[in-house]
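Visitor: According to UniProt numbering, the sequence shown is numbered sequentially starting from 1.
Built from N, CA and C at the ideal position, the CB exists for glycine as well.
Quantities reported herein were computed from a predicted structural model and do not represent experimental measurements.
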Amino acid sequence: MHTDLLQVVKERRSVREFTNEPVSQIDIMNILEAGCWAPSVRNNQPWKFVVISDPGMRAILSEHSIYSTIISQCPVVIAVYLEDDKGTSSAMGNQAIGAAIQNMLLVAEDIGLGGVWLGDIQDCRDKINIELGIAEKYNLAAMLAIGYPAHRNQKSHRKHVNDFILKNIGG
Ligand SMILES: Cc1cc2nc3c(=O)[nH]c(=O)nc-3n(C[C@H](O)[C@H](O)[C@H](O)COP(=O)(O)O)c2cc1C
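(1) For ligand 1, I want to know if D120 counts as a neighbour, meaning its beta carbon is within less than 8 Å of at least one of the ligand's heavy atoms.
(2) Tell me whether A142, by its Cβ, gets closer than 8 Å to a heavy atom of ligand 1.
(3) By DSSP's criteria, Y81 is part of a beta bridge. Which residues make up the other side?
(4) For a test of your reading of the model: does the CB of S14 fall under 8 Å from any non-hydrogen atom of ligand 1? Yes or no.
(5) Kindly examine ligand 1 and report whether one of its heavy atoms sits closer than 8 Å to the Cβ of Y81.
(6) Check whether the Cβ atoms of G114 and V15 sit closer than 9 Å, and answer yes or no.
(7) Got a sec, what are the start and stop residues for the beta strand (DSSP E) G114 sits in?
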């Protein structure tokens, strides 16, 4: 096993405060590429992305969200969409989207960036789609706020892995 990968997995925290430093296009493309290499049902790759670094658009989006501070202050927002007509159930599609988002957050962490998965943004999906000019067949799954962390004081905890094992048959 690549022990470094487990370290990245464990050190990733949800980052909600960012510096003003812009994120390079190369870093954004690497994050998107990480999303694209997620597993998906029959490899149907049901994700689409909208990258929003324009401060004016982030200001507009922030008006439609309970996360106005995060969205207006982070240097880049990535809206992650599930494409509706990919021939699988939305439950399967959403699992693939979750895998894509986690890949993206892990690569962001690995290259020194931070981010947060904003799922509650779904409550404002209609307004956001109008602002972004996105067709109805794309379902807004989440937005990721990405940038350089203002600090690394985020705390999180997990129960011990043994607490999650219902059975270990033959182990
Ligand atoms: C599906 C999903 C939706 C989430 N939605 C939000 C959200 O709307 N706002 C937010 O601040 N964090 C959101 N988060 C981040 C969680 O709050 C965070 O992952 C959790 O508290 C554990 O903290 P950690 O990521 O630092 O380990 C979401 C996470 C997931 C997986």
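Guide: Inspection of the coordinates gives the following:
(1) yes
(2) yes
(3) K48, L140
(4) yes
(5) no
(6) yes
(7) 114-118
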